[in-house]
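Residue numbers (the working numbering), protein chains in the order written: chain X, 1 to 258; chain R, 259 to 695.
The structure under discussion appears below in the form of structure tokens.
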């Protein structure tokens with residue numbers, strides 16, 4: 001099913017055109033099977049709203065977030081400078097991404113290295129599309145319970161708490177909050193490059209702790225806005241009570257109800 | 259001036275000199291840290307300090323502890339106006355000097371509010387003691403809360419209770435003496451709280467009451483001198499350092515980590531096609547610092563200031579996902595270790611003792627550092643915006659860039675990013691495959 005309309009920045013350039021916005025897919029969004037579904041859902045939304053966007057495709061490279069948080073500042077800055085060269089060559093001004101880690105790095109950490117862009121998380125961008133009337137929600141999930149897990153790199157790291165929640169409410173669901181939410185949100189366990197290593201010894205895995213909290217609310221869906229959180233919570237649900245709830249990205253909730 | 263005035267003056271001067279000496283010692287310890295420029299955004303910094311330190315804006319995120327803390331804080335600030343009077347009285351042998359220079363209604367109001375605050379502080383401190391020692395709230399009993407940190411906290415609370423009690427008893431005794439006309443002075447003052455102490459002392463002889471009044475007066479002021487100096491060897495230093503720590507706090511989004519400048523220079527050189535790989539480095543370039551932090555002296559002075567400012571409340575640790583799931587990491591311990599280590603380094607230097615230890619390894623283990631998810635729960639929850647996360651990250655940088663001592667899986671991730679621009683082993687050519695899935 002290749003109904004998705006996607007053009008690379010190189011293709012735009014060949015045609016002598018410019019994209020209004022760059023969709024930064026991210027490594028997870030490009031390669032991880034679960035995250036690829038989020039990528040596709042978001043592109044569906046972009047297509048529906050006729051957004052003139054481009055992707056970097058094979059010219060995209062790891063943002064360097066994982067390397068940086070793991071302590072490899074060299075590798076991070078190599079990645080950052082390479083990416084900045086590519087982004088600047090395409091004269092990119094605006095970036096949207098489905099990954100809060102790329103979002104944080106591109107927005108906050110690239111600017112000191114010569115990459116200044118207006119960067120948005122996909123939830124911020126979708127909210128804008130809705131506000132401008134370029135999208136309308138037709139589906140209605142009335143009666144469904146959804147709880148939202150704040151990704152650390154969107155929430156505490158960048159103070160985006162309300163927009164994802166407002167988006168979730170647009171599909172008519174009942175949003176139930178975990179006790180530890182917003183500022184107090186409990187990490188999924190993937191940040192700081194933990195995604196790529198085994199957890200240190202302890203009494204419990206972080207994602208299990210968080211999933212138990214989410215499932216105690218009996219939600220139909222655990223919504224989040226980060227491919228890494230998604231993986232951790234999906235694994236968590238499998239381990240705690242398989243099938244008890246679905247784990248979905250907000251982009252998926254929206255895409256299914258357009 | 260009588261003998262007692264001389265004794266007072268002597269104690270006063272000695273305690274001030276002692277305080278200055280030890281404070282400057284701590285400041286010179288802090289200056290052992292590396293440089294960091296926090297002289298920017300001045301008005302924002304002042305605002306931050308007023309809001310967070312003076313205004314206690316983050317305290318009430320935990321309601322009970324927050325409200326009680328504000329009571330003690332206000333009590334401390336306001337009751338200290340009384341110290342001015344005590345010092346003047348002590349030096350010049352006057353009695354309740356303020357009453358002679360301000361209108362009696364204002365004096366009544368002041369003493370009245372001091373008394374109300376004193377009893378509130380007293381009650382708050384008792385509740386704090388109960389929370390620590392009877393309810394045994396978990397964050398006061400974590401592993402790093404060994405005997406001394408727990409004793410330190412209790413000592414401060416007992417100290418404050420004694421000071422407040424002395425103040426109230428002094429007023430009660432003074433009041434009875436005045437009402438009997440047995441005082442050498444005639445100063446009326448309001449006693450909304452100490453009046454309840456009066457019945458217990460009414461049977462005392464005037465001579466005894468006079469002794470009690472003098473004893474509590476001296477106890478109160480010597481207590482304050484001692485407290486002021488005790489603070490410098492205690493976690494309680496936050497009463498002063500909360501102000502500079504919030505002024506020099508990181509004002510950027512919490513997710514924004516520093517880009518190491520020394521690395522930027524090298525990476526730029528590597529990526530510059532015109533760079534001559536055989537050229538000798540520029541003459542003015544200083545000896546390169548090591549990347550990241552191995553010891554407390556590799557940290558910057560704001561991080562060291564943070565370490566001395568920490569009052570060990572444990573809000574960071576009780577919000578840390580790693581700590582809450584049984585990992586070794588505790589952000590509070592990171593700050594406590596940093597403080598203890600920089601003090602040790604400085605003391606060894608002063609005493610000419612050879613130092614073979616380091617913060618990394620002897621105080622903080624790699625296992626603790628690798629447990630961090632960089633989620634910023636610690637930095638966000640700190641009531642005075644201390645930043646243990648930046649210390650954790652600097653030490654990770656040392657482990658990785660100076661020692662190549664990352665966990666194996668992370669080394670694999672690095673290799674993948676280097677070779678194919680993704681943390682996993684996928685080819686960049688496949689980056690768009692999701693389109694046709």
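Ideal Cβ placement from N, Cα and C applies to all residues, glycine included.
Within 8 Å, strictly: CB atoms of residue 325 of chain R and residue 377 of chain R: no
So for residue 532 of chain R, helix, strand or coil by DSSP? coil
Which same chain residues, not among the five before or five after residue 633 of chain R, have their C-beta less than 7 Å away from its C-beta? 579
Limits of the alpha helix (DSSP H) - the one that residue 223 of chain X falls within: Note, residue 223 of chain X: premise wrong, no alpha helix (DSSP H); beta strand (DSSP E) at 221-224.
Going by DSSP, which residues form a beta bridge with residue 249 of chain X? X:224
Taking the alpha-carbon of residue 129 of chain X as reference, which of X:13, X:42, X:147, X:66 has the nearest alpha-carbon? X:42
Taking a Cβ distance cut-off of 7 Å, strictly less, list which residues of the segment 87-108 of chain X are near chain R, in chain order. 104, 108
Starting from the C-beta of residue 626 of chain R, find all residues in its chain whose C-beta is less than 6 Å away, skip the five residues before and the five after it, and write them out in chain order. 586, 587
In the DSSP assignment, find the beta strand (DSSP E) that holds residue 94 of chain X and state where it starts and stops. 94-97
Considering only C-alpha positions, which residue in the set R:677, R:681, R:660 is nearest to residue 668 of chain R? R:681
Less than 8 Å separating the beta-carbons of residue 234 of chain X and residue 34 of chain X? yes
Using only the alpha-carbon positions, how far apart do residue 241 of chain X and residue 217 of chain X sit? 13 Å
Mapping the DSSP letters down to three states, classify residue 549 of chain R as helix, strand or coil. coil
How about the segment 554-561 of chain R and the segment 473-492 of chain R: do they share at least three Cβ pairs that are nearer than 8 Å? no
For residue 353 of chain R, tell me which candidate among R:624, R:323, R:475, R:685 has the shortest Cα-Cα distance. R:475
Distance, Cα to Cα, residue 187 of chain X vs residue 226 of chain X? 12 Å
Rounding to the nearest angstrom, what Cα-Cα distance links residue 221 of chain R and residue 569 of chain R in this structure? Any property of residue 221 of chain R remains undetermined from this structure, which presents chain R solely from 259 to 695.
Candidates X:15, X:73, X:182, X:99: closest to residue 264 of chain X by CA position: Residue 264 of chain X is absent from the structure shown; chain X starts at 1 and stops at 258.
Please report how far the alpha carbon of residue 83 of chain X lies from the alpha carbon of residue 224 of chain X, in whole angstroms. 27 Å
Quick check on DSSP: helix, strand or coil for residue 24 of chain X? strand
Within 8 Å of any Cβ in chain X, is that where the Cβ of residue 585 of chain R sits? yes
I want to see whether chain R comes within less than 8 Å of residue 257 of chain X, judged by CB atoms only; does it? no
Enumerate in chain order the residues of its own chain whose CB-to-CB distance from residue 541 of chain R is below 7 Å, with the five nearest sequence positions on each side excluded. Confidence at residue 541 of chain R is low in this model, with a pLDDT of 49, below 50, so the placement of that residue is unreliable and no value is reported for it.
Kindly list the residues whose CB is nearer than 7 Å to the CB of residue 677 of chain R, restricted to its own chain and excluding five residues on each side of it in sequence; keep chain order. none
Comparing the C-beta of residue 54 of chain X with each C-beta of chain R, is any distance below 8 Å? no
List, from N- to C-terminal side, the alpha helix (DSSP H) runs of 4 residues or more that fit wholly inside the segment 399-477 of chain R. 405-438, 456-459
Opposing strand residues paired with residue 121 of chain X [DSSP bridges]: X:97
If you draw a straight line from the alpha carbon of residue 628 of chain R to that of residue 485 of chain R, how long is it in whole angstroms? 39 Å
Which whole-angstrom value describes the C-beta separation of residue 618 of chain R and residue 71 of chain X, a residue pair presumed to lie in contact below a C-beta threshold of 8 Å? Going by Cβ atoms, the distance from residue 618 of chain R to residue 71 of chain X rounds to 12 Å, so no, they are not a contact pair.
Beta carbon of residue 689 of chain R nearer than 8 Å to that of residue 57 of chain X: yes
Out of R:558, R:337, R:636, which has the shortest C-alpha to C-alpha gap to residue 367 of chain R? R:337
Neighbourhood of residue 355 of chain R by C-beta distance below 7 Å, restricted to the same chain and skipping five residues each side: 343, 346, 347
Residue 480 of chain R to residue 470 of chain R, Cα distance in whole Å? 15 Å
Evaluate the contact criterion for the segment 396-403 of chain R versus the segment 434-449 of chain R: three or more CB pairs, one atom per stretch, below 8 Å. no
Contact with chain X by residue 366 of chain R, beta-carbon distance below 8 Å: no
Using 8 Å as the threshold, is the C-beta distance between residue 153 of chain X and residue 115 of chain X below it? no
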